[in-house]
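Participant: In my numbering, the protein residues as written are 635 to 783. Note that the Cβ used here is the ideal one computed from N, Cα and C, for glycine as well. The structure is given below, and queries will be raised subsequently.
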């Protein structure tokens, strides 16, 4: 969580220095920053205010301030070849095959002899759009509950 706090502080400093060109008072810049930060939807699709207060903020005009992040694809299909983020030793991205969708943005992925659970932000589709034919046997075994190969 410390990294998240540091990223927030860095984001805050960047935005307030960008707003200095307007020569607005610090309190007004702070209010604008916090307002836009709290109404910006997160990756889950909910606003930070809604998550914090357990209710939605009433706005006269609904503001949508987030960039279309095309770095990742939110939907992966079973038996699709993907690269998944590796948190252990070795390369940062390892090839794998999507086994099934656990929830809206979480998936089970077969990587070598292991089955990993990954969020869609920790996955990238492989450049080739073809299905992984050599791993289809692995996927069928995993669907049947055979964890060992």
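DSSP three-state label for residue 688, please.
Facilitator: Note: residue 688 maps to coil in three-state DSSP.
Participant: Which first and last residues belong to the alpha helix (DSSP H) in which residue 746 is found?
Facilitator: The continuous stretches of alpha helix (DSSP H) do not include residue 746, and DSSP gives it neither H nor E.
Participant: Assuming residue 759 contacts residue 721 under a Cβ cut-off of 8 Å, what Cβ separation, rounded to an integer in Å, is found between them?
Facilitator: Rounded, the Cβ-Cβ distance is 20 Å, inconsistent with contact.
Participant: Alpha carbon to alpha carbon, how far is residue 719 from residue 740? Give it in angstroms, no decimals.
Facilitator: About 13 Å.
Participant: With distances taken between CB atoms, is the gap from residue 730 to residue 745 smaller than 7 Å?
Facilitator: yes
Participant: Provide the residue span of the alpha helix (DSSP H) that contains residue 643, from first to last.
Facilitator: 636 to 653
Participant: Check this for me: beta carbons of residue 732 and residue 756, under 7 Å apart or not?
Facilitator: no
Participant: Where do the ends of the beta strand (DSSP E) carrying residue 680 lie?
Facilitator: Premise fails: residue 680 is in no beta strand (DSSP E) and is neither H nor E.
Participant: Quick one: give me the first and last residue of the beta strand (DSSP E) that residue 758 is part of.
Facilitator: 757 to 759
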